[in-house]
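Student: Each residue of the sequence shown is one higher than the last, beginning at 58 in this note's numbering.
Sending over a structure as structure tokens; questions will come in a sec.
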Amino acid sequence: MSLAMRCRFIREAFSIEVDLSVASGRVLGVTGESGKTTTLDMIAGLLPCTSGSIRIDDVVVDDEPTGRFVQPEDRGVATVFQGGGLLPHLSVDRNLIFGRGRTLRASARFDDVVEAFDLRALLARKPHELSGGQRQRASLARAFLSPSRILLLDEPTTFLDVASRGVVRRLMKEWFAVYKGTVVLVSHDPEEIDDLADCSARVRVSRGATTEAVLSAA
């Protein structure tokens, strides 16, 4: 799926103007001091645009002039937030198939993702029994198993130690190479963006009356 945004979000003295377009199959890296998560929240439908519109493929999902707003669950977007967000009372296995039925577990895709993220020995464990790196691998695997064709990754390696960060980054890079959808990767780490993204944008801090822009890079 492709993604196109031309919109503005304003909250009190904080303002972001977003003008970007990402083709299907690309990995867009987003950096900057603040406003990155707000941009993801607008794409996911967790925050409405103050003005302008967002399109996913040829579908308008947020359009302030007409009042059209597609709810998050209907946008075809999967998000991995900082810390992962696994359901604490479910095993890794049940987290991976949550909301999608047991047929997913029997699929070749399930096996491919479980093997790619090295989760086979962890399927029976619950999140509190995992290390930080293991939890993040499970969260990423759940996102890649979803039918969503746009993945929003918010600082996916921030809370990991150096060794775990390297493992998760390698796994993401390998999976991005075969993933057919669009990825928006937020990171404060320029090295991570350089390693994983094939195009980039920067959010500049905006306070007071000045509105800054998030611009896409080819």
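Glycine included, every Cβ here is placed at the ideal spot set by N, Cα and C.
Do you know how far the Cα of residue 184 is from the Cα of residue 192?
Tutor: As a first step, residue 192 must be located in the sequence shown, where it is residue number 135. As a first step, residue 184 must be located in the sequence shown, where it is residue number 127. Roughly 6 angstroms separates the two Cα atoms.
Student: CA-CA distance, residue 221 and residue 153?
Tutor: Mapped onto the sequence shown, residue 221 falls at position 164. Mapped onto the sequence shown, residue 153 falls at position 96. Near 20 angstroms, if we compare the C-alpha coordinates of residue 153 and residue 221.
Student: Return yes when the C-beta of residue 155 is under 8 angstroms from any heavy atom of the ligand ZN, and no when it is not.
Tutor: You won't find the ligand ZN in this model; it holds no ligand whatsoever.
Student: Can you say whether residue 247 is buried or exposed, counting buried as having 16 or more other CB atoms within 10 angstroms of its CB?
Tutor: One-based indexing of the sequence shown puts residue 247 at position 190. It is exposed - the Cβ of residue 247 has fewer than 16 other Cβ atoms within 10 Å.
Student: What residue does the beta strand (DSSP E) around residue 65 start on, and which one ends it?
Tutor: The sequence position of residue 65 within the sequence shown is 8, counting from 1. Looking at the DSSP string, the run of the beta strand (DSSP E) that includes residue 65 is 60 to 68.
Student: When you compare each of 111, 204 and 186 to residue 100 by their alpha carbons, which one comes out closest?
Tutor: Here residue 100 is taken as the residue at index 43 of the sequence shown, counted from 1. That would be 111, whose Cα lies nearest to the Cα of residue 100.
Student: May I ask you to list the residues that DSSP assigns as paired with residue 86?
Tutor: Stepping through the sequence shown from its first residue, residue 86 is reached at position 29. Per DSSP, 242 and 257.
Student: Between which two residues does the beta strand (DSSP E) carrying residue 115 extend?
Tutor: Residue numbering aside, residue 115 sits at position 58 when the sequence shown is read from its first letter. Note, residue 115: premise wrong, no beta strand (DSSP E); not H, not E.
Student: Assess contact between the stretch 92 to 99 and the stretch 140 to 150, defined as three or more Cβ pairs (one per stretch) separated by less than 8 angstroms. Is contact present?
Tutor: With the cut-off at 8 angstroms, the stretch 92 to 99 and the stretch 140 to 150 do not touch.
Student: Once the 5 residues before and after residue 135 are set aside, which same chain residues still bring their CB inside 6 angstroms of it?
Tutor: One-based indexing of the sequence shown puts residue 135 at position 78. Taken in chain order, the residues that qualify are 200, 203, 205 and 208.
Student: Need the endpoints of the alpha helix (DSSP H) that residue 135 sits in, please.
Tutor: On the sequence shown, residue 135 is found 78 positions in, with the first residue counted as 1. Element bounds for residue 135: not the alpha helix (DSSP H) but the beta strand (DSSP E), 134 to 137.
Student: DSSP beta-bridge partners for residue 250?
Tutor: Against the sequence shown, residue 250 aligns to sequence position 193. Per DSSP, none; premise fails for residue 250.
Student: Count the other C-beta atoms from every protein chain shown that fall within 10 angstroms of the C-beta of residue 160, then say buried if there are 16 or more, exposed otherwise.
Tutor: Translated into the one-based positions of the sequence shown, residue 160 becomes position 103. So residue 160 counts as exposed.
Student: With respect to the beta strand (DSSP E) encompassing residue 211, which residues constitute its N-terminal and C-terminal limits?
Tutor: Numbered from 1 along the sequence shown, position 154 holds the residue referred to as residue 211. Residue 211 -> beta strand (DSSP E) spans 207 to 211.
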